[in-house]
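Down below is the structure, laid out as structure tokens.
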Amino acid sequence: MKFTQPPEGEYEKHIVPVKGVSSLNFDPYAAEVLTNPYPHYEELREAGPIVWLERYGVYVVSHYNTVRDVLTNPDVFCSSAGVGLSNFHTEKPWRQPSIILEADQPEHTGVRAVFARILSPRALKKLTTTFEAEAETMIDRMLENGECDGVVDLAHAFPIKVFGDAVGIMNEGREHLLPYGDMVFNAFGPVNGRFKECLANLGPATEWIYEACKRENLTDDGFGAAFYAAADAGEITHEGAGLLVRTTLSAGLDTTIFTMGNALVNLGRHPDQWAILRDEPKRARAALEEVLRYDSTFHSFYRTTTREIELEGVKLDKNQKVLVLVASANRDPRHWTEPDKFDVTRKATGNMGFGAGIHGCAGQMIARMEGEIVLRTLATKVETIELLGEPSLHFNNTVRGYTSMPMRITAKKH
Amino acid sequence: MPIITYLLADGTKMNIEAEAGANVMRTAIDADVPGILAECGGAAMCATCHVYVEEEKASIFSEISDVEEEMLECVTEERKPESRLSCQLTIPVGVDQVTVQLPVPQD
Ligand code: HEM
Ligand code: FES
Numbered sequence: 003m004k005f006t007q008p009p010e011g012e013y014e015k016h017i018v019p020v021k022g023v024s025s026l027n028f029d030p031y032a033a034e035v036l037t038n039p040y041p042h043y044e045e046l047r048e049a050g051p052i053v054w055l056e057r058y059g060v061y062v063v064s065h066y067n068t069v070r071d072v073l074t075n076p077d078v079f080c081s082s083a084g085v086g087l088s089n090f091h092t093e094k095p096w097r098q099p100s101i102i103l104e105a106d107q108p109e110h111t112g113v114r115a116v117f118a119r120i121l122s123p124r125a126l127k128k129l130t131t132t133f134e135a136e137a138e139t140m141i142d143r144m145l146e147n148g149e150c151d152g153v154v155d156l157a158h159a160f161p162i163k164v165f166g167d168a169v170g171i172m173n174e175g176r177e178h179l180l181p182y183g184d185m186v187f188n189a190f191g192p193v194n195g196r197f198k199e200c201l202a203n204l205g206p207a208t209e210w211i212y213e214a215c216k217r218e219n220l221t222d223d224g225f226g227a228a229f230y231a232a233a234d235a236g237e238i239t240h241e242g243a244g245l246l247v248r249t250t251l252s253a254g255l256d257t258t259i260f261t262m263g264n265a266l267v268n269l270g271r272h273p274d275q276w277a278i279l280r281d282e283p284k285r286a287r288a289a290l291e292e293v294l295r296y297d298s299t300f301h302s303f304y305r306t307t308t309r310e311i312e313l314e315g316v317k318l319d320k321n322q323k324v325l326v327l328v329a330s331a332n333r334d335p336r337h338w339t340e341p342d343k344f345d346v347t348r349k350a351t352g353n354m355g356f357g358a359g360i361h362g363c364a365g366q367m368i369a370r371m372e373g374e375i376v377l378r379t380l381a382t383k384v385e386t387i388e389l390l391g392e393p394s395l396h397f398n399n400t401v402r403g404y405t406s407m408p409m410r411i412t413a414k415k416h
Numbered sequence: 015m016p017i018i019t020y021l022l023a024d025g026t027k028m029n030i031e032a033e034a035g036a037n038v039m040r041t042a043i044d045a046d047v048p049g050i051l052a053e054c055g056g057a058a059m060c061a062t063c064h065v066y067v068e069e070e071k072a073s074i075f076s077e078i079s080d081v082e083e084e085m086l087e088c089v090t091e092e093r094k095p096e097s098r099l100s101c102q103l104t105i106p107v108g109v110d111q112v113t114v115q116l117p118v119p120q121d
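Those protein sequence lines, which keep their order, are chains G and C. For the record, in the first sequence the residue sitting at position 160 is 162 according to this note's numbering, with numbers rising by one throughout. For the record, in the second sequence the residue sitting at position 69 is 83 according to this note's numbering, with numbers rising by one throughout.
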């Protein structure tokens, strides 16, 4: 896939509604920012805990504490107006909103309870051996070849297989999952050139997803079937069950694929950190946590004010979009020591790579499980990881990851 | 300022001064109380912030939500009537002391 850069020049300037708050012409979606966002985020944090973005007419919060405050006050900073730039309360949503991600309390609670039960830590335990066996097979195959692609052969292949099977979707056509997810995550940003090109190249992905979420096309023992069973029991509607399958597919694949790719790329770039993990594979889960902090996958999303509210001394109007920059919070020196250092021995819990509060990622336990198994299996079997050239970055408005990572790996001697 | 007493699994007692409106999990994490992992950071998704609340204090906290109930069924330690997820517990204004017992870890 190839993406064009969004036009950098002309834009309609939105005047900051209140005095005394920094107003910037910063574009978090510019290709230059996406290439290496972190120095830009630092500038943004220095400009203040809350800043006005003229280009989009939104506020942005980038400090750890402010981000946490916004995410843990869902009554004031709601999700039902959409968690993207577009405001569902004033504009027509491009698709039917998700009944969990884009819903507020009290409706949200019941749906989240169903989701939490179906993907509970206990339910996931049953999948452990299957996931481990698959990771071993894939990594053994890569070791046989020596030269391989960390993203294509593992970060991408693993979730498409094991997560796809766990949800219970058909095998045929799974290649449509990624372009669909790419569009969903672009759609949380502006309708820029990148998003338009993504839409133009989408092909039949939307129709395929629609078909894949139907009950008759799901296996009878996966998460998908379990959502429909919850509908039979009257806990959610049948339409809601289909929407939950859709949310699971759009929220649960690109994110895990990119996270594992980010893990491999960062371990490849920091041989000392790889050595620590390789010598103690049980550090895999903590290492994954550090990857989510240091190079977060889901960089930014929005909340919308439900009433007038003062935040960091700034009075916000009702119905105001606020960009929540979790990837910046995860690098905020006001909270972390040496935030720009990739350190797999760090206690990175408390990072907001999975969000925070009542909408904190509902799939985080399976995402952690997938990531932990892949990293642990890799650390158990592999001695060295050598990058063969620069990994190729994928440009998306809100998620960060790679499409390719040529590398050479060697096996541990036993 | 309210005091939260954490009774650790090994019998040790930790008294931590908290702010009114403080969260029981967050206070524990900030004070490095051993035995509360809180992997999901309070999203009620991981069930690794399990505590037992003394019976006579149970009513000061908000009721167990549907999401918390689902997670309590997944705790790896013994589930008791006093079981709560500490990330869902906020110290109400006017309460000056609460004791929570940490469960004995099980594999
Ligand atoms: C490492 C991989 C993942 C990352 C980085 C990630 C990130 C996130 C973030 C940041 C949010 C919060 C959005 C907001 O507050 O508006 C979220 C929500 C959500 N995620 Fe994930 N996610 C990942 C994997 C998954 C998986 C595997 C699933 C499905 C099984 C999933 C399902 C969901 C759902 C349903 C929500 C909405 C929760 C709610 O609104 O209550 N995610 N995710
Ligand atoms: S911190 Fe994860 S459930 Fe409480």
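Ideal Cβ placement from N, Cα and C applies to all residues, glycine included.
Self-check item: Under 8 Å (Cβ pairs) to chain C, residues found in the segment 30-48 of chain G
Solution: none
Self-check item: Separation of residue 400 of chain G from residue 161 of chain G, as counted between CA atoms
Solution: The sequence position of residue 161 of chain G within the first sequence is 159, counting from 1. The sequence position of residue 400 of chain G within the first sequence is 398, counting from 1. Distance between the alpha carbons of residue 161 of chain G and residue 400 of chain G: 20 Å.
Quiz prompt | Counted within 10 angstroms of its Cβ, other Cβ atoms place residue 27 of chain C as buried (16 or more) or exposed | solution = One-based indexing of the second sequence puts residue 27 of chain C at position 13. Classification of residue 27 of chain C: exposed, given that the 10 Å Cβ count is below 16.
Self-check item: Spatially closest choice to residue 98 of chain G from G:314, G:241, G:128 and G:27, by CA coordinates
Solution: The residue given as residue 98 of chain G occupies position 96 in the first sequence. Ranking the options by Cα distance to residue 98 of chain G, first place goes to G:241.
Self-check item: Listed by chain order, chain C residues near residue 119 of chain G by CB distance under 7 Å
Solution: For the purposes of this step, residue 119 of chain G is identified with residue 117 of the first sequence, where counting begins at 1. Ordered by position in chain C, the residues that pass the 7 Å Cβ test against residue 119 of chain G are 84.
Quiz prompt | Best match in G:397, G:268, G:57 and G:142 for proximity to residue 301 of chain G [C-alpha to C-alpha] | solution = Taking the first sequence and counting its residues from 1, one reaches residue 301 of chain G at position 299. It is G:397 whose Cα lies nearest to the Cα of residue 301 of chain G.
Quiz item: Residues bridged to residue 408 of chain G by DSSP?
Solution: As a first step, residue 408 of chain G is located in the first sequence; it is residue number 406 there, counting from the start. Its beta-bridge partners are G:151.
Exercise. Could you tell me if the beta carbon of residue 294 of chain G falls within a distance shorter than 7 Å of some heavy atom in the ligand HEM?
Key: Your numbering for residue 294 of chain G matches position 292 in the first sequence. Because some heavy atom of the ligand HEM lies under 7 Å away, the Cβ of residue 294 of chain G counts as near it: yes.
Practice problem: Measure from the alpha carbon of residue 187 of chain G to the alpha carbon of each residue in G:231, G:230 and G:255, then state which is nearest. | Solution: Looking up residue 187 of chain G in the first sequence gives position 185. Comparing Cα positions, the closest option is G:255.
Practice problem: Output yes if chain G places a C-beta closer than 8 Å to the C-beta of residue 39 of chain C; else output no. | Solution: By 1-based counting over the second sequence, the position of residue 39 of chain C is 25. No, residue 39 of chain C lies away from the interface with chain G (no Cβ there is under 8 Å from its Cβ).
Practice problem: Mind listing the chain G neighbours of residue 47 of chain C? Cutoff is C-beta to C-beta under 8 Å, in chain order. | Solution: In the second sequence, residue 47 of chain C corresponds to position 33, counting from 1. By Cβ distance, chain G contributes nothing, its closest Cβ being about 13 Å from residue 47 of chain C, past 8 Å.
Quiz prompt | Nearest-angstrom Cα separation, counted from residue 88 of chain C out to residue 371 of chain G | solution = Within the first sequence, residue 371 of chain G is the residue found at index 369, counting from 1. Within the second sequence, residue 88 of chain C is the residue found at index 74, counting from 1. Straight-line Cα distance between these residues: approximately 15 Å.
Exercise. Might you give, ordered along the chain, the residues of its own chain that have their beta carbon closer than 6 Å to the beta carbon of residue 393 of chain G, omitting 5 neighbours on each side?
Key: As a working note, residue 393 of chain G is residue 391 in the first sequence. Cβ neighbours of residue 393 of chain G beyond the five flanking positions: 267, 404 and 407.
Exercise. Over the uninterrupted alpha helix (DSSP H) stretch that includes residue 165 of chain G, give me the two end residues.
Key: Looking up residue 165 of chain G in the first sequence gives position 163. From DSSP, the alpha helix (DSSP H) with residue 165 of chain G extends over 159-169.
Quiz prompt | Limits of the beta strand (DSSP E) - the one that residue 29 of chain C falls within | solution = Translated into the one-based positions of the second sequence, residue 29 of chain C becomes position 15. Its beta strand (DSSP E) spans residues 27-31.
Self-check item: Buried versus exposed call for residue 414 of chain G [16 or more other C-beta atoms within 10 Å across all chains shown]
Solution: Counting from one through the first sequence, the residue named residue 414 of chain G turns up at place 412. Classification of residue 414 of chain G: exposed, given that the 10 Å Cβ count is below 16.
Exercise. Please indicate yes or no: does the CB of residue 129 of chain G lie closer than 7 Å to some heavy atom of the ligand FES?
Key: What you label residue 129 of chain G is simply residue 127 of the first sequence in a count that begins at 1. Answer for residue 129 of chain G: no, Cβ out of range of the ligand FES.
Quiz item: How would you call residue 294 of chain G, buried or exposed, if buried means at least 16 neighbouring beta carbons within 10 angstroms?
Solution: The count along the first sequence starts at 1 and reaches residue 294 of chain G at position 292. Buried: at least 16 other Cβ atoms inside 10 Å.
Self-check item: Secondary structure of residue 359 of chain G, DSSP reduced to three states
Solution: Here residue 359 of chain G corresponds to residue number 357 of the first sequence, with the count starting at 1. In this structure, residue 359 of chain G counts as helix in the three-state DSSP scheme.
Quiz item: Do residue 263 of chain G and residue 189 of chain G have their CB atoms nearer than 8 Å?
Solution: Looking up residue 263 of chain G in the first sequence gives position 261. Looking up residue 189 of chain G in the first sequence gives position 187. Cβ distance not < 8 Å, so residue 263 of chain G and residue 189 of chain G don't count as in contact.
Quiz prompt | 7 Å Cβ shell around residue 163 of chain G - same chain, five flanking residues per side excluded | solution = Here residue 163 of chain G is taken as the residue at index 161 of the first sequence, counted from 1. The answer, listed in chain order, is 136.
Quiz item: Run through DSSP, which three-state label would residue 239 of chain G get?
Solution: In the first sequence, residue 239 of chain G corresponds to position 237, counting from 1. Here residue 239 of chain G sits in coil by DSSP.
Practice problem: Taking 8 Å as the cut-off, decide whether the C-beta atoms of residue 90 of chain G and residue 307 of chain G are in contact. | Solution: Taking the first sequence and counting its residues from 1, the one referred to as residue 90 of chain G is at position 88. Taking the first sequence and counting its residues from 1, the one referred to as residue 307 of chain G is at position 305. The answer is no: Cβ separation not under 8 Å.
Quiz prompt | Proximal chain G residues relative to residue 56 of chain C, where beta-carbon distance stays under 8 Å | solution = The residue labelled residue 56 of chain C in the question sits at position 42 within the second sequence. Correct list: 74, 358, 359 and 362.
Practice problem: Return no unless some Cβ of chain G is closer than 8 Å to the Cβ of residue 78 of chain C. | Solution: Counted from its first residue, the second sequence places residue 78 of chain C at position 64. Output row for residue 78 of chain C: interface = no.
Self-check item: Interface flag, residue 382 of chain G vs chain D, CB-CB below 8 Å
Solution: Among the protein chains of the structure shown, namely G and C, there is no chain D.
Quiz item: Skipping 5 residues on each side, what residues in its chain have a beta carbon closer than 7 Å to that of residue 185 of chain G?
Solution: Here residue 185 of chain G corresponds to residue number 183 of the first sequence, with the count starting at 1. The residues are 200, 201 and 204.
Quiz item: Nearest to residue 54 of chain C by CA position, among G:381, G:369 and G:410, is which residue?
Solution: Within the second sequence, residue 54 of chain C is the residue found at index 40, counting from 1. Looking at the Cα atoms, G:369 is the closest of the given residues.
Quiz item: What whole-angstrom Cβ distance do residue 52 of chain C and residue 359 of chain G have, given they're in contact under 8 Å?
Solution: Locating residue 52 of chain C in the second sequence gives position 38, counting from the first residue. Locating residue 359 of chain G in the first sequence gives position 357, counting from the first residue. The Cβ separation is near 13 Å, so there is no contact.
Quiz item: Is there a Cβ from chain G that is less than 8 Å from the Cβ of residue 81 of chain C?
Solution: The residue you call residue 81 of chain C lines up with position 67 of the second sequence. By this cut-off, residue 81 of chain C is an interface position.
Quiz item: For residue 54 of chain C, which of helix, strand or coil comes out of DSSP?
Solution: Position 40 of the second sequence holds residue 54 of chain C. If DSSP states are grouped into helix, strand and coil, residue 54 of chain C belongs with coil.
Exercise. Please decide whether residue 351 of chain G counts as near chain C, where near means a Cβ-Cβ distance under 8 Å.
Key: As a first step, residue 351 of chain G must be located in the first sequence, where it is residue number 349. Interface residue, yes.
Quiz prompt | Residues in the segment 98-124 of chain G having any Cβ partner in chain C nearer than 7 Å | solution = 111, 112, 114, 115, 118, 119, 122, 123 and 124
Exercise. Establish whether the CB of residue 366 of chain G and some CB of chain C are separated by less than 8 Å.
Key: Here residue 366 of chain G refers to the residue found at position 364 when the first sequence is read from its first residue. So, interface residue.
Practice problem: Starting from residue 53 of chain C, find everything on chain G with Cβ-Cβ shorter than 7 Å and list it in chain order. | Solution: In the second sequence, the residue the question calls residue 53 of chain C occupies position 39. Ordered by position in chain G, the residues that pass the 7 Å Cβ test against residue 53 of chain C are 351.
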